[in-house]
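Under the working numbering, the final residue of the sequence shown carries the number 510; numbering is consecutive throughout. We treat Cβ as the ideally placed atom computed from N, Cα and C, and that holds for glycine. Here is the structure we will look at.
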Amino acid sequence: MHTPILIVGGSLVGLSTSLFLGWHGVPHILIDKHPCSSPHPRAMGFTETTLEHYRAVGIADQIPQVPAGTRLRRVTVASLVGEWQSEQAWTPGEAPQRPLEQSPCTGAAIAQDKLEPILRAAAIARGAELRASTELIGFHQTEAGVLARVLDRSSGHRYEIGADYLIAADGANSPVREALGITRSGVGHLGVLRSVLFRCPEADAFLRRGAQQFSIEQEGFRGFLTTYGDSRWVLMLDGDEERTEAALKAAIRRALGADMAFDIFTTGRWEMAGRIADTYRQGRVFLAGDAAHQLPPTRGGFGANTGIDDAWNLAWKLQRVIQGAAAPALLDTYDAERRPIGWLRHQQTFSRPDYAARAGAAFVPEALFSNDALEFGQLVRSQAVAGAGPELPAAATPRQWAGQPGTRAPHVWVDQAGQRRSSLDLFGREYVLLTANPDWRAAVGRLGLRSIDVDRELVFPPTQPFADVFGVPACGATLVRPDGVIGWRSLPAPDGEGLESLSAILLRT
Ligand SMILES: Cc1cc2nc3c(=O)[nH]c(=O)nc-3n(C[C@H](O)[C@H](O)[C@H](O)COP(=O)(O)OP(=O)(O)OC[C@H]3O[C@@H](n4cnc5c(N)ncnc54)[C@H](O)[C@@H]3O)c2cc1C
């Protein structure tokens, strides 16, 4: 049995990888050792960037998005029903609401076990082959490919799957990463938390006050209470202590602070840690998601969202290499682009008040980037980007950027043939050159690239002209990669040097 790509792990990141590969038309097999989603969801906050990726592949309308400007709020209380004692900002000094219109999406609050079935169905509809209850029990790689040994846990049958590439989306304890001996760095182990998941519709009324996360502080009792928005609540308790059902019920009552009816579903145990893999690639194996970067849950959504963004970055590169449109060197840019993002998020997590006290004395805090800079304005540097020089910051807000290579192409509502579209809707499947200069269009036509005439095909709003938001004058051009990252731009009209640098950035075979 052979497949171009074998994905190990079918949780949020593996399923998103499968969905993106399927959408790019890349055949693949995904295996997960479990029969279905975990009954104890973890993630529930999905950012605008994640929703932009889901919008590109056509599933954003299946995921209810939060109203524009919604912010996750955390307060300290004696109990859910008690007075708010204080409110903690994720990024101190930042307004609770961000300016609108930086994205066509607003993010989503949906429990992981409700999102995963949507991803699963969408991946299958786009050609994915998903094998549940199938565990990777060993593998080896050669220069030519990867041979995986798997166990069908429902029948006990063992068999092999050959693949050109393997993507390990197998979680923080990643057996694949461990087998490869890939080490990790970062603040390391911070502690273990126990959780209890329960249903309590009466508690939902307290969400109307505007906060969704509650740090419970009482004499002799501390906990962290939050909701999955569907009458399911989770209480997190510090420490690796096994509790009886009676003790769990008592803890829930203390956290709620009033006599409310509730039913316990299940319990969980989580390691809180900060660890980034020292490489995201070894030979034909790529690490994605928590296998690559283990971060504690943050209000920046740096866990699953970062992993889904890994998948978005990797999928188009694999497609181009597998289909022979790019040199294998394009795959080297995955580690080059994504590992610094993992580190940026690690440093920003432990420099913020939520986690600063846990990071340890050896951790040197860094200046904070704003939420918007981290969400929309992280810079990527690699061989697949020309001109993201060392003078540029690691992140800046969309308003501070103006189309520099290495940044996300800006979102602007444009008019295309009478239809209002986000500029982001122009990208996704292929490289696109935006220019008003017919000489650039003729030049890239000879290279087989798609170009858009920004004067004739698109109408930019008068307050956001193309030249300003993309930073390109009328004679110049800008190249947007399939993942919506600006890969190259030329301020002058085409000449030999400009065409050479454009050809080089495409990393063609
Ligand atoms: C309490 C909590 C709340 C969180 N909230 C958020 C949030 O709101 N937003 C956010 O972005 N992040 C959040 N996170 C982080 C987020 O849950 C993780 O980053 C995310 O689930 C990682 O996804 P993953 O697919 O990389 O790994 P995992 O979800 O760990 O999945 C790994 C998968 O690999 C499979 N697997 C492992 N080994 C094998 C094998 N040998 N063979 C086959 N399959 C295998 C497992 O069965 C599993 O399905 C939260 C985390 C916690 C603990």
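Beta strand (DSSP E) segment containing residue i, residue limits
i	result
ARG346	ARG346 -> not in any beta strand (DSSP E); alpha helix (DSSP H) instead, spanning 330-352.
GLU130	130-132
TRP402	It is not in any beta strand (DSSP E) - TRP402 carries neither H nor E in the DSSP assignment.
ALA478	478-481
ASP373	First-last for ASP373: 372-377, but that is the alpha helix (DSSP H), not the beta strand (DSSP E).
GLN417	414-417
VAL433	433-436
LEU393	Neither: LEU393 is in no beta strand (DSSP E) and is coded neither H nor E.
ARG409	No beta strand (DSSP E) holds ARG409; DSSP gives it neither H nor E.
GLY488	487-491
SER452	451-454
LEU31	29-32
beta-carbon residue i near ligand 1 non-hydrogen atom, thresh 7 Å
i	result
LYS34	yes
ASN314	no
ASP171	yes
SER12	yes
VAL9	yes
MET45	yes
GLY290	yes
GLU136	yes
PRO329	no
TRP344	no
PRO176	yes
TRP1	Since the displayed the chain opens at 2 and closes at 510, residue 1 lies outside it and no answer follows.
ALA305	yes
TRP271	yes
PRO298	yes
GLY15	yes
GLY308	yes
GLY302	yes
Range of the contiguous alpha helix (DSSP H) that encloses residue i
i	result
TRP55	The question names Trp, but residue 55 in the sequence shown is Tyr. Run containing TYR55: 49-57, per the alpha helix (DSSP H) assignment.
VAL14	13-24
VAL445	439-447
GLY10	No alpha helix (DSSP H) holds GLY10; DSSP gives it neither H nor E.
GLN420	No alpha helix (DSSP H) holds GLN420; the beta strand (DSSP E) holding it covers 420-423.
ASP311	305-323
VAL470	467-470
SER504	497-506
Beta-carbon spacing of residue i, residue j below 8 Å
i	j	result
GLU1	VAL381	Residue 1 lies beyond the range of the chain shown here (2 to 510); nothing can be said about it.
TYR281	ALA293	yes
ILE487	GLY378	no
PHE207	VAL76	no
VAL27	ILE323	yes
GLY279	ARG178	Just to set this straight, residue 279 is Asp in the shown sequence, not Gly. Contact flag unset, no.
GLN219	ARG255	yes
ALA123	LEU20	yes
HIS29	PRO68	no
GLN66	THR107	yes
ALA44	LEU13	yes
ALA133	ASP33	yes
ALA170	ALA289	yes
THR307	ARG346	yes
GLY477	THR436	yes
ILE168	ILE8	yes
LEU137	VAL151	yes
Rounded Cβ spacing between residue i and residue j (contact assumed at less than 8 Å)
i	j	result
PRO406	GLY388	4 Å
GLY275	GLN295	7 Å
GLN384	ALA330	7 Å
LEU181	VAL286	6 Å
PRO495	ALA444	4 Å
ARG509	ALA397	Going by Cβ atoms, the distance from ARG509 to ALA397 rounds to 31 Å, so no, they are not a contact pair.
THR92	ARG353	7 Å
SER17	LEU148	Contact doesn't hold; Cβ gap of about 25 Å is too wide.
GLU431	ARG451	6 Å
PHE351	ALA363	Between ALA363 and PHE351 the Cβ distance is about 11 Å, and since that is not below 8 Å, they are no contact.
THR267	LEU198	5 Å
Problem set entry | Start-end ranges of the alpha helix (DSSP H) lying completely within the stretch 217-301, minimum 4 residues | 246-257
Problem set entry | alpha helix (DSSP H) runs wholly inside the stretch 59-140, at least 4 long, in chain order | 113-126
For this session: Mind listing, in chain order, the continuous beta strand (DSSP E) runs of no fewer than 3 residues lying wholly within the stretch 137-218?
Result: The qualifying runs are 147-153, 159-169 and 185-200.
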